[in-house]
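The block underneath contains the structure these notes are about, expressed in structure tokens.
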Amino acid sequence: MSKSNFDPNATSVINGNYFGFPFLAEESEVVLISIPWDVTTSYGEGTAKGPRAILDASLQLDFYLFGINKPWEIGIGTLPVMEKIVEKNKVNRALAIEIIENLEKGTNLNTEDLRDKISTVNKECAALNLWLHEESNKWLSQNKIVGVVGGEHSTPLGLINALSEKEESFGILQIDAHSDLRRAYQGFDYSHASIMYNALKNNNISQLVQVGIRDICPEEIDYIKNDNRVVLYNDFSLSETLFSERSWLSICDEILLHLPEKVYISFDIDGLSPENCPNTGTPVPGGLSFNQAVTLIKYIAKEKEIIGFDLCEVSPSLINPHTNFDGNVGARLLYLLSSFAYGSHHKEILQ
Ligand SMILES: [Mn+2]
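Numbering (the working numbering), first residue to last: 208 to 558.
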């Protein structure tokens, strides 16, 4: 279908694509890759069901967006979910649960059986990263913007690695309650708690700006002290600043000063206040309001180039799947991220 023939006022069609858009990935400018994966999740399960929850909610969205012209004509395409990923997630999640339960009981992981299981999980996570790396290369080489829909926050590493090969230098803006700078967590090299540690192994990532962080361990604070690429906006200091004299807009301006021209956005939904993501794996009090996050994304689109993004840790309620507020918030963010990422390269459509 020609993109300008799409009727943004009609009922969305259930066609397996985010927002019910009828465009093939090949004819789209933004390609969304779903990764229903929650193998290393340490607290609440369910982020593997995030892509489905976002997709379901995305069919109810109104397509007009303030600040950008006709985003429904951009061409936002969806790759079908890989069944292999769904199966591997199940198998490896079962192994990981056994490992985590043993850790919680205080069992030493140094038995041959548990060591084998950890090594299997690590290998399978590495294989997923490699798959996404190759898949991302395929679309990036056609000059498309790739967005990952997680899944837990470990999932976008393959995309970040692919971008690190393609781009000489870029920065990451991370919106998150957690710093995710652990070297490994619970024995898992590719833990959700290690995504930024693993990302920063790429030397051409020049900056990591973290916003909304409010749960952090001493190891991560040490990491930040020793790697001058990392700028931490912890949630408590941010709030104090807002309570005193500063506006959110002036903070957004300051955040932008720390970022280079090319920016990757890593959006962990738990960076938002928990009323926006009550069922996320690890909800934490405090956090950004929805509109603070929207304003920040729009600011970045105006001033920088968004070269890719992920949206992770969205999870539907497993107790009451009929209330899908988490998916609802996630769908809106995904539409914003997709639209403004494209808009950041085509400033003429920004308003
Ligand atoms: Mn995270």
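Glycine is no exception: its CB is placed at the ideal position from the N, C-alpha and C atoms.
Predicted, not measured: the structure shown is a model, and the values here were computed from it.
Whole-angstrom distance between residue 452 and residue 537, CA atom to CA atom: Approximately 31 Å between the Cα atoms of the pair.
Contacts around residue 277, its chain only, beta-carbon distance under 6 Å, and the 5 residues preceding and following it disregarded: Listed in chain order, the non-local C-beta contacts of residue 277 below 6 Å within the same chain number zero, local neighbours out to five positions each way being set aside.
Length-filtered (4 minimum) alpha helix (DSSP H) runs lying within the region 374-461: For the region 374-461, whole alpha helix (DSSP H) runs of length 4 or above, ordered along the chain, are 402-406, 425-433 and 442-450.
Burial state of residue 541, where buried means 16 or more other Cβ atoms lie within 10 Å: Here residue 541 is buried. Its C-beta has 16 or more other C-beta atoms within 10 Å.
Unbroken beta strand (DSSP E) run spanning residue 270, endpoints: For residue 270, no beta strand (DSSP E) segment is defined, and its DSSP state is neither H nor E.
Alpha-carbon spacing of residue 493 relative to residue 428, whole angstroms: Looking at the backbone, the Cα of residue 493 and that of residue 428 are separated by about 19 Å.
Distance cut-off 7 Å: residue 383 Cβ against heavy atoms of ligand 1: Residue 383: yes, Cβ under 7 Å from ligand 1.
Alpha helix (DSSP H) runs contained entirely in the region 245-305, provided each spans 4 or more residues: Considered as a whole, the region 245-305 harbours 257-265 as its complete alpha helix (DSSP H) runs of no fewer than 4 residues, in chain order.
Cross-strand partners of residue 239 (DSSP beta bridge): For residue 239, DSSP records a beta bridge to 285 and 354.
Backbone secondary structure at residue 482 - three-state DSSP: DSSP places residue 482 in the helix class (H, G or I) of the three-state scheme.
Minimum C-alpha distance to residue 410 - residue among 474, 294, 372 and 229: Closest in alpha carbon position to residue 410, among 474, 294, 372 and 229, is 372.
Contact belief for residue 328 with residue 303 at Cβ below 8 Å, rounded distance in angstroms: About 5 Å; that satisfies the 8 Å criterion.
Distance CB(residue 519)-CB(residue 363) smaller than 8 Å: Between residue 519 and residue 363, the CB-CB gap stays under 8 Å.
When 472, 487, 335 and 553 are compared against residue 412, the one with the closest alpha-carbon: Measuring from the Cα of residue 412, the nearest candidate turns out to be 472.
Contact check, residue 335 vs residue 455, beta carbons under 8 Å: No. Outside cutoff.
Ligand 1 heavy atom lying under 7 Å from the CB of residue 475: For residue 475, the shortest C-beta to heavy atom distance toward ligand 1 is below 7 Å.
Within the region 461-527, ranges of the beta strand (DSSP E) (whole runs, at least 3 residues): List check, beta strand (DSSP E) in window: 469-475 and 512-519.
Beta-carbon proximity check, residue 514 vs residue 356, cutoff 8 Å: No; because the gap between Cβ atoms is not below 8 Å, this pair is not in contact.
Inter-stretch contact (C-beta, 8 Å, three-pair minimum) for the region 524-531 and the region 466-481: At 8 Å Cβ cutoff, the stretches do not touch.
Closest Cα partner of residue 310 within the set 295, 265, 273 and 249: Nearest of 295, 265, 273 and 249 to residue 310, Cα basis: 249.
Residue 399 Cβ short of 7 Å to ligand 1 heavy atom set: For residue 399, the shortest separation between its Cβ and any heavy atom of ligand 1 lies below 7 Å.
Three-way DSSP call (helix, strand, coil) for residue 540 in this model: Here DSSP, grouped into helix, strand and coil, assigns residue 540 to helix.
Residue of 557, 558 and 546 minimising C-alpha distance to residue 354: 546 is the residue among 557, 558 and 546 whose C-alpha sits nearest the C-alpha of residue 354.
Nearest-angstrom Cα separation, counted from residue 406 out to residue 425: Cα to Cα, the separation comes out at about 19 Å.
Residue 520 Cβ short of 7 Å to ligand 1 heavy atom set: Checking every heavy atom of ligand 1 against the Cβ of residue 520, one is found closer than 7 Å.
Validate contact between the region 287-301 and the region 331-349 using beta carbons, cut 8 Å, 3 pairs: As far as the Cβ criterion goes, the region 287-301 touches the region 331-349, which means the pair count is three or higher.
CB-CB length for residue 422 against residue 474, believed under 8 Å: Contact doesn't hold; Cβ gap of about 17 Å is too wide.
Residue 393 beta carbon less than 8 Å from that of residue 261: With contacts defined by Cβ atoms closer than 8 Å, residue 261 and residue 393 do not form a contacting pair.
Cross-strand partners of residue 347 (DSSP beta bridge): DSSP lists no partner for residue 347.
Distance cut-off 7 Å: residue 245 Cβ against heavy atoms of ligand 1: No, the Cβ of residue 245 stays beyond 7 Å of every heavy atom of ligand 1.
Integer-rounded CB distance, given that residue 503 should sit under 8 Å from residue 462: About 7 Å separates the two Cβ atoms, so the contact holds.
Heavy atom of ligand 1 within 7 Å of residue 533 beta-carbon: Every heavy atom of ligand 1 is 7 Å or more from the Cβ of residue 533, so no.
Beta-bridge pairing of residue 557 - partner residues as DSSP gives them: The partner list for residue 557 (beta bridge, DSSP) reads 275.
Sequence-distant residues of the same chain with beta carbon closer than 7 Å to residue 434, five excluded per side: The beta carbon of residue 434 is closer than 7 Å to those of 407 in its chain, skipping five residues each way along the sequence.
Beta-carbon contacts of residue 367 that lie in its chain and below 6 Å, excluding the five residues immediately before and after: Cβ contact annotation for residue 367 (same chain, cutoff 6 Å, sequence separation greater than five): 406, in chain order.
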